[in-house]
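One structure is given here, and the rest of the page talks about it.
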Amino acid sequence: MSVKIEHLSGQGEELWSVCFGSHSIQFRNEQGAKDYAATLKERIDAPHTFPRIHHASPNPPH
């Protein structure tokens with residue numbers, strides 16, 4: 002998943018936006034956006050294991 006930082010300016014206030022997938026989160030300073038983006042990227046890139054599904058036997062032993 003792509004994680005991007007965008008600089009937003011308008012109405013006299015500078016904002017920074019971290020965009021990922023169809024989501025974006027705004028920050029009031031660049032460092033906050035960079036820190037969040039770095040943590041998010043680490044979590045996305047971290048190894049993940051999928052839980053195993055144990056199917057119950059249709060006829061359990063007595």
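Numbering (the working numbering), first residue to last: 2 to 63. Even glycine gets a Cβ: it sits at the ideal position worked out from N, Cα and C. Predicted model, so just to flag it, every value in this text is computed and none were measured.
Classification of residue i by the beta-carbon crowding that lies within 10 angstroms, buried from 16 upward
| i | result |
| --- | --- |
| F28 | buried |
| A38 | buried |
Backbone CA spacing between residue i and residue j [nearest angstrom]
| i | j | result |
| --- | --- | --- |
| W17 | G33 | 8 Å |
| E15 | K35 | 15 Å |
| S3 | H56 | 35 Å |
Extent of the continuous beta strand (DSSP E) run through residue i
| i | result |
| --- | --- |
| Q32 | Segment 31-46 is the alpha helix (DSSP H) holding Q32; no beta strand (DSSP E) there. |
| G22 | Unbroken run through G22: none, as it is neither H nor E. |
| I54 | Run containing I54: none; DSSP gives neither H nor E here. |
| G11 | 4-11 |
Expected contact under 8 Å - CB spacing of residue i and residue j to nearest Å
| i | j | result |
| --- | --- | --- |
| E31 | C20 | About 14 Å separates the two Cβ atoms, so there is no contact after all. |
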